[in-house]
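**Q** Residue numbers for the sequence shown follow our numbering, so the first one is 356 and each next one is one higher. The structure is given below, and queries will be raised subsequently.
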Amino acid sequence: RFDKTTEKWIVTDPATQGPEAGYDLIGSLYRAGPVPFIQRVINAEQYEQAVLKYMAAEGCDRKEAQGNMDAYFENPQDWAYQKMQEQNGAAKKDYANANMDPQQIVLSTIWAGVVFWFAYYLVTGLAEGKW
Numbered sequence: 356r357f358d359k360t361t362e363k364w365i366v367t368d369p370a371t372q373g374p375e376a377g378y379d380l381i382g383s384l385y386r387a388g389p390v391p392f393i394q395r396v397i398n399a400e401q402y403e404q405a406v407l408k409y410m411a412a413e414g415c416d417r418k419e420a421q422g423n424m425d426a427y428f429e430n431p432q433d434w435a436y437q438k439m440q441e442q443n444g445a446a447k448k449d450y451a452n453a454n455m456d457p458q459q460i461v462l463s464t465i466w467a468g469v470v471f472w473f474a475y476y477l478v479t480g481l482a483e484g485k486w
């Protein structure tokens, strides 16, 4: 529901609309990558307002709204293109469950570990004067 006095969207049913009804920061990281994860950390209130507004506009649950907002923050142009294609009859993309099969989670975790290890190795090597 939109509160005109504060000009913000508010949760009317915390069990179905509140943050506990959706997924956490790590869910955003796995589903759409680092951009929405950082957006949720740095601009938590803006993220929450975007999710609530999407829920109200589309009449969907919190997980679907979060998935769509994560996809939007990751790449707004591709997200808008996908939505336009859906309006023209294309299959609806399930952003709420994107990249959440167990194999994808394991592969993403391993890849992130390799990237972080390499970044650590590079930074410490530069700091120590190896290169």
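Even glycine gets a Cβ: it sits at the ideal position worked out from N, Cα and C. Because the structure is a prediction, the values reported are computed rather than measured.
Can you grab the Cα-Cα spacing for the pair V406 / K447, in whole Å?
**A** Counting from 1 along the sequence shown, the entry for residue 406 is found at position 51. Counting from 1 along the sequence shown, the entry for residue 447 is found at position 92. Answer to the nearest angstrom: the Cα atoms are 18 angstroms apart.
**Q** Can D449 and A387 be called in contact, C-beta distance under 7 angstroms?
**A** Position 94 of the sequence shown holds residue 449. Position 32 of the sequence shown holds residue 387. No, they are not a contact pair.
**Q** Under the rule that 16 or more other beta-carbon atoms within 10 Å means buried, what is L481, buried or exposed?
**A** Residue 481 sits at position 126 when you count from the first residue of the sequence shown. When all chains shown are included, L481 counts as exposed.
**Q** Please report the straight-line C-alpha distance between F357 and K363, rounded to a whole angstrom.
**A** Counting from one through the sequence shown, the residue named residue 357 turns up at place 2. Counting from one through the sequence shown, the residue named residue 363 turns up at place 8. Those two C-alpha atoms are separated by around 6 angstroms.
**Q** Please determine if the region 412-422 and the region 463-471 are in contact, where contact requires at least 3 C-beta pairs separated by less than 8 angstroms.
**A** no
**Q** Around the Cβ of W434, are there at least 16 other Cβ atoms within 10 angstroms (buried) or fewer (exposed)?
**A** Taking the first residue of the sequence shown as position 1, residue 434 is located at position 79. The residue in question, W434, is buried, as its Cβ has 16 or more Cβ neighbours within 10 Å.
**Q** Bridge partners for F473 per DSSP, in chain order?
**A** In the sequence shown, the residue the question calls residue 473 occupies position 118. In the DSSP output, where bridge partners are listed per residue, F473 has none listed.
**Q** What are the uninterrupted segments assigned as alpha helix (DSSP H) that are 4 or more residues long and contained completely in the region 365-441, given in chain order?
**A** 369-372, 380-387, 389-397, 399-413 and 417-429
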